Amino acid sequence: MSTLLVINASVLVTMDDHRREITGGGLFIRDSFIEQVGLTSDLPEQADDILDLTGYILLPGLINTHHHFYQTLTRVVPDAQDANLFNWLKTLYPIWARLRPEDIRISTKTALAELALSGCTTASDHLYLFPNGSRLDDEILAGREVGLRLHASRGSMSLGQSKGGLPPDSVVEDEDYILKDSQRLIETYHDPNPGAMTQVVLAPCSPFSVTGDLMRQSAVLAREYGVCLHTHLAETEDEEVFCQEKFGSRPVAYMDVLNWVGSDVWFAHSVHVNQDEMRLYAQTGCGVAHCPTSNMRLASGIAPILDMLNAGVKVGLGVDGSASNDGSHLLEEARQAMMVARLRAALGGASFSDEEAPPLMTARQALEIATRGSAAVLGRADIGSLEPGKCADFFAVNLKRLAYAGALHDPVAALVFCAPVGADYTVVGGGFVVKEGQLVTVNLPRLVEEHNRAASRLLEKV
Ligand SMILES: [Zn+2]
64 MSTLLVINAS VLVTMDDHRR EITGGGLFIR DSFIEQVGLT SDLPEQADDI
114 LDLTGYILLP GLINTHHHFY QTLTRVVPDA QDANLFNWLK TLYPIWARLR
164 PEDIRISTKT ALAELALSGC TTASDHLYLF PNGSRLDDEI LAGREVGLRL
214 HASRGSMSLG QSKGGLPPDS VVEDEDYILK DSQRLIETYH DPNPGAMTQV
264 VLAPCSPFSV TGDLMRQSAV LAREYGVCLH THLAETEDEE VFCQEKFGSR
314 PVAYMDVLNW VGSDVWFAHS VHVNQDEMRL YAQTGCGVAH CPTSNMRLAS
364 GIAPILDMLN AGVKVGLGVD GSASNDGSHL LEEARQAMMV ARLRAALGGA
414 SFSDEEAPPL MTARQALEIA TRGSAAVLGR ADIGSLEPGK CADFFAVNLK
464 RLAYAGALHD PVAALVFCAP VGADYTVVGG GFVVKEGQLV TVNLPRLVEE
514 HNRAASRLLE KV
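Each residue of the sequence shown is one higher than the one before, counting from 64 in my numbering.
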């Protein structure tokens, strides 16, 4: 039994059902869970460890609902810098086909390090290629060294070019093997209990890279074990055309036919969805991983996030893979979500001088998407807010810094409106991952060196 007392935060943002923000707040943590939340004066005075956050803002850890860690090795690849999704994929698939198990391990640590330093405490990753003996195990085991909660998605591609799919045949797998490996991974690593550090998700890559049969069978397997389902959906107009031509329906209708709707399903992107499709998401409980930077980077479009929230859709935040972002800064992503929602409101044709101007996404809404929203999308009731009984996952930022000068009348909004900063403390289950702005679980300079070596090898001309 160990205890941690966190005291004197300038503002503690609970994200509880009343969205309480407590001035001079703190937490009392026993083992890896929160026992008390409130004013510092109401908390116990003694603990095994005490963290004084005078001058800091304290928030629930941010939760990333969509990423491809391995892509940190292929940031800013020249031929993929200015391409749309399908051309971007065609450029990168042959490079990714050279990935080795050690590349998966290195890139996992790099992406998680970057996330942790931006206030993230739980991340979902979508790994869908396994060349040269790579396995999801490589990611899960490497992730444990960093110390963030990980929802590892067993992705897959089975529809190669010779069968009318987009990826080259060299990076697709046999469907029987995919299902067998999925079952092995669930049985080996999935923890359904509160406080879980590792969960497994089944995640065929996208409608244009797997067969409908694999989607159906993955759903049956996932429901047999009670694990979640995830895929990319309605990301671009190209995908809509592909689905119309190949399946005779829009992407969301195709998912409905495959039995891929429900509270155990979440989709990355959902940029191109109409009102009926949003209603279907809300009625069935499907979640959305909103990835604003990636959508802008690949010119995919602007997801109708405020409409989704109004319709009652669960929305979380994702940085997406580092070849389409090209960073893993989750606090920055919250800022992008707020900004691009405002751009969408403007493009909707409404005049802002109008008295009936469209509502704008607020900074607090953006933070809510990144915390409670993401937790709901991942199906986790034990994270996403700072409340008794929840996991002790939080991050804290020193407010006395250049970026916030002149903004301290509203530190919560400053976190999103002002230039994105790094976390000074990131704590997962009561354990420090970032302390005084430094990652404490990984030797960062050595990791960066290894990572750059691996990236150069991947990009060498064959
Ligand atoms: Zn993605």
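Note that CB positions come from ideal geometry on N, CA and C, so glycine has one too.
The structure presented is a predicted model; accordingly, all values stated were derived computationally and were not measured.
Own chain partners of residue i with C-beta closer than 8 Å, once the 5 adjacent residues on each side are dropped
i: Leu510; result: Ile169, Lys172, Thr173, Ala176
i: Asp105; result: Gln99
i: Asp237; result: Ser221
i: Asp112; result: Ser65, Thr66, Leu67, Leu68
i: Asp142; result: Thr154
i: Ala160; result: Leu192, Pro194, Pro231, Ser233, Val234
i: Val303; result: With the sequence shown as reference, residue 303 is identified as Glu, and Val is not the correct amino acid for it. Taken in chain order, the residues that qualify are Ala297, Arg313, Pro314, His335.
i: Gln307; result: Arg313
i: Trp151; result: Ala143, Leu361, Ala386, Ser387
Contact set for residue i: own chain, Cβ-Cβ below 7 Å, skip 5 residues either direction
i: Asn71; result: Gly87, Gly89, Thr103, Asp115, Leu116, Thr117
i: His129; result: Ser187, His189, Ala331, Ala352, Cys354, Gly381, Asp383
i: Gln134; result: Gly384, Ser385, Ala386
i: Lys498; result: Tyr488
i: Gly411; result: Pro421
i: Val273; result: Ser219, Met220, Ser221, Leu222, Pro267
DSSP-derived helix/strand/coil call for residue i
i: Tyr467; result: helix
i: Val315; result: helix
i: Phe480; result: helix
i: His293; result: strand
i: Trp151; result: helix
i: Ser73; result: strand
i: Tyr133; result: helix
i: Glu84; result: strand
i: Arg138; result: coil
i: His514; result: helix
i: Ala409; result: helix
i: Glu250; result: helix
i: Phe91; result: strand
i: Arg198; result: coil
i: Ala327; result: Checking the sequence shown, residue 327 turns out to be Asp, not Ala. Note: Asp327 maps to coil in three-state DSSP.
i: Gly210; result: coil
i: Tyr488; result: strand
i: Thr504; result: coil
i: Ile169; result: helix
i: Leu458; result: The amino acid at residue 458 is misidentified as Leu; the sequence shows Phe. Correct three-state label for Phe458: strand.
i: Gln109; result: coil
i: Val334; result: coil
i: Asn358; result: helix
i: Tyr119; result: strand
i: Glu499; result: coil
i: Thr434; result: helix
Beta-carbon separation (whole angstroms), residue i vs residue j, contact threshold 8 Å
i: Ile126; j: Ala433; result: 7 Å
i: Ala426; j: Phe480; result: 6 Å
i: Asp487; j: Thr185; result: Their Cβ separation, rounded to whole angstroms, is 19 Å, which puts Asp487 and Thr185 out of contact at 8 Å.
i: Met260; j: Leu213; result: 7 Å
i: Ser245; j: Ser281; result: 7 Å
i: Leu522; j: Ile92; result: Not really, about 44 Å apart at Cβ, beyond 8 Å.
i: Gly492; j: Ser95; result: 3 Å
i: Ala482; j: Ala459; result: Ala482 to Ala459, Cβ: 18 Å. No contact.
i: Ile85; j: Val475; result: The pair is not a contact, with the Cβ atoms about 11 Å apart (cut-off 8 Å).
i: Ala362; j: Asn147; result: 6 Å
i: Leu393; j: Leu162; result: Their Cβ separation, rounded to whole angstroms, is 24 Å, which puts Leu393 and Leu162 out of contact at 8 Å.
i: Thr504; j: Glu208; result: 6 Å
i: Leu75; j: Leu449; result: 7 Å
i: Val484; j: Arg464; result: 7 Å
i: Leu423; j: Ala444; result: Actually they do not touch by this definition, with Cβ atoms about 30 Å apart.
i: Leu292; j: Asp319; result: The Cβ separation is near 13 Å, so there is no contact.
i: Cys349; j: Gly364; result: Incorrect: roughly 19 Å between the Cβ atoms, too far for contact.
i: Leu277; j: Ser219; result: 7 Å
Own chain, CB closer than 6 Å to residue i, minus 5 neighbours either side, in chain order
i: Leu248; result: Leu199, Arg217, Val263
i: Arg279; result: Leu321
i: Asp254; result: Thr261
i: Cys33; result: Residue coverage of the chain in this structure runs from 64 to 525, which leaves residue 33 outside it and unanswerable.
i: Asp79; result: Ser448, Glu450
i: Gly442; result: Cys291
i: His514; result: Ile169, Thr173
Minimum Cβ-Cβ distance from residue i to chain D less than 8 Å
i: Val69; result: Protein chain content of the structure displayed is limited to a single chain, and chain D is not contained in it.
(request) Indicate whether the contact test is met: 3 or more Cβ pairs, each with one atom in the region 467 to 475 and one in the region 200 to 215, closer than 8 Å. (result) no
(message) Does the region 424 to 443 come into contact with the region 382 to 392, if we say contact requires no fewer than three beta-carbon pairs (one atom in each stretch) closer than 8 Å?
(response) no
(request) Specify whether the region 373 to 381 and the region 340 to 350 touch according to this definition: at least 3 beta carbon pairs, one from each stretch, less than 8 Å apart. (result) Touching, yes.
(request) Report yes or no: do the region 388 to 404 and the region 305 to 322 share at least 3 C-beta pairs separated by less than 8 Å? (result) no
(message) Within 8 Å, do at least three Cβ pairs link the region 323 to 343 to the region 283 to 297?
(response) yes
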